[in-house]
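Asker: Take the position in the sequence shown, starting the count at 1, then add 52; the result is the number in my numbering. For each residue, glycine too, the CB sits at the ideal point set by N, CA and C. My questions will all concern the structure given below.
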Amino acid sequence: MPELPEVETCVRYLSSALTGDTILQQTSFRSDLRFPIHPSLQNSNQSLTIQSIIRQHKYIVFKTNIPDLDFSIHLGMSGVLRLVPSDTITLKKHDHYQINFQSNRSLILNDPRRFGSVLYVNQLNHNPAPCALNKLTSQLLSSICNQSKQPIKTLLLDQKKISGLGNIYACEALFLSKISPYQLANTLKPLQLRSLSFAIKLVLKKAIRYGGTSIRDFKSPDQSLGYFQHHLWVYNQENKPCRRHGCVGQITRQAQTGRSSFFCATCQK
Ligand SMILES: [Zn+2]
């Protein structure tokens, strides 16, 4: 699943590639993505120029010269965007949406599982937002944890409470802060909370610097792969020796609330 660093990687690439470009046409090849695609997205006669492309949670938001028509793309579970020259397009299976630009390039959304979406920004749900990761101070993390008797790993993945931290980055942040994924959230000590909120930011920042993690099929819209998978401490490292200096443990994988937790039982207590 594209997580926050992968979405941010897409946004950075698209922003440098498409800001200032004008949309000629939008075409959907099937409208039953996670939400139906609004018909007027494809039928707008107004020419839309991209003013900026930003990330809001895990939405890629296209800001245009007509703010009412700003729209967003969400990659869902399996969405991949590719930006290709319009005259050399070969459509692939699961290509669901295509945006043609004046610069003779097309942005195509491919999404085998169809949990992604293309929506006007004013269609997005503006319910009270869960805590955004860039605002996750140790005080805020502490107040979220104090109210929860869930294991910390389960809480970190609860998108209703904390937005955008996926499994890979939750495992890595818990390792860096030496916290067991099973420790109950409301038993974390102030020092652990400080260390965890620092680790979350560090892991995400580093993952963005490496262009995301290409474990399965993530590619940036220019088709380049992320490199963070070469820098993972625990995720997908089961049975390998723990790399923490001085630790003789080994990385274990265990199913926890339906997801794999990777951790070192020797140094994550
Ligand atoms: Zn260890």
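Quickly, what does DSSP pair F87 with across the bridge? List them, please.
Answerer: Within the sequence shown, numbered from 1, the residue matching residue 87 stands at position 35. According to DSSP, F87 bridges with nothing at all.
Asker: List the residues that DSSP assigns as beta-bridge partners of S195.
Answerer: As a first step, residue 195 must be located in the sequence shown, where it is residue number 143. Answer is none; S195 lacks a bridge partner.
Asker: Alpha carbon to alpha carbon, what distance is there between V255 and N117?
Answerer: As a working note, residue 117 is residue 65 in the sequence shown. As a working note, residue 255 is residue 203 in the sequence shown. Roughly 35 Å between the two C-alpha positions.
Asker: Can you determine whether any heavy atom of ligand 1 sits closer than 6 Å to the C-beta of C223, and answer yes or no?
Answerer: As a first step, residue 223 must be located in the sequence shown, where it is residue number 171. No.
Asker: What does a CB cutoff of less than 7 Å around Q77 pick up in its chain, not counting 5 residues either side in sequence?
Answerer: Position 25 of the sequence shown holds residue 77. Closer than 7 Å at the Cβ level, and outside the excluded window around Q77, lie N152.
Asker: So is the beta-carbon of R305 under 6 Å away from any non-hydrogen atom of ligand 1?
Answerer: On the sequence shown, position 253 is the one that residue 305 refers to. Incorrect: R305 has no Cβ contact closer than 6 Å to ligand 1.
Asker: Please report how far the alpha carbon of S67 lies from the alpha carbon of K257, in whole angstroms.
Answerer: Residue mapping note: residue 67 aligns to position 15 of the sequence shown, counting from 1. Residue mapping note: residue 257 aligns to position 205 of the sequence shown, counting from 1. Taking the straight line joining both Cα atoms gives about 18 Å.
Asker: Nearest by alpha-carbon distance to D163: which of Y262, K145 and Y221 is it?
Answerer: As a first step, residue 163 is located in the sequence shown; it is residue number 111 there, counting from the start. Taking only the C-alpha atoms, the option nearest D163 is K145.
Asker: Excluding the five sequence neighbours on either side, which residues of its own chain have a C-beta within less than 6 Å of the C-beta of L228, listed in chain order?
Answerer: Residue mapping note: residue 228 aligns to position 176 of the sequence shown, counting from 1. So the list reads A251, once near-sequence residues are dropped.
Asker: Hey, S232 and F315 are a contact pair by Cβ (cut 8 Å); roughly how many whole angstroms apart?
Answerer: Within the sequence shown, residue 232 is the residue found at index 180, counting from 1. Within the sequence shown, residue 315 is the residue found at index 263, counting from 1. Sure, about 7 Å apart at Cβ, within 8 Å.
Asker: With DSSP as the reference, please indicate the residues paired to K73 in a beta bridge.
Answerer: The count along the sequence shown starts at 1 and reaches residue 73 at position 21. With the sequence shown as reference, residue 73 is identified as Asp, and Lys is not the correct amino acid for it. Answer by DSSP bridge pairing: none, since D73 is not bridged.
Asker: Give the straight-line distance between the Cα atoms of K212 and L185, rounded to the nearest whole angstrom.
Answerer: On the sequence shown, residue 212 is found 160 positions in, with the first residue counted as 1. On the sequence shown, residue 185 is found 133 positions in, with the first residue counted as 1. Approximately 12 Å, taken between the alpha carbons.
Asker: Helix, strand or coil, according to DSSP, for L127 in the structure here?
Answerer: Working through the sequence shown from its first residue, we reach residue 127 at position 75. Note: L127 maps to coil in three-state DSSP.
Asker: Near S312, which residues of its chain fall below 6 Å by C-beta distance, leaving aside the five closest residues on each side in sequence?
Answerer: For this step, residue 312 is matched to residue 260 along the sequence shown. So the list reads R305, once near-sequence residues are dropped.
Asker: Ligand 1 heavy atoms versus the CB of G298: any closer than 6 Å?
Answerer: Stepping through the sequence shown from its first residue, residue 298 is reached at position 246. No, the beta carbon of G298 sits no closer than 6 Å to any heavy atom of ligand 1.
Asker: For my contact list, K241 and Q308 are in at a C-beta cut-off of 8 Å; report their separation, rounded to the angstrom.
Answerer: Here residue 241 corresponds to residue number 189 of the sequence shown, with the count starting at 1. Here residue 308 corresponds to residue number 256 of the sequence shown, with the count starting at 1. Contact flag wrong, Cβ pair sits at about 21 Å.
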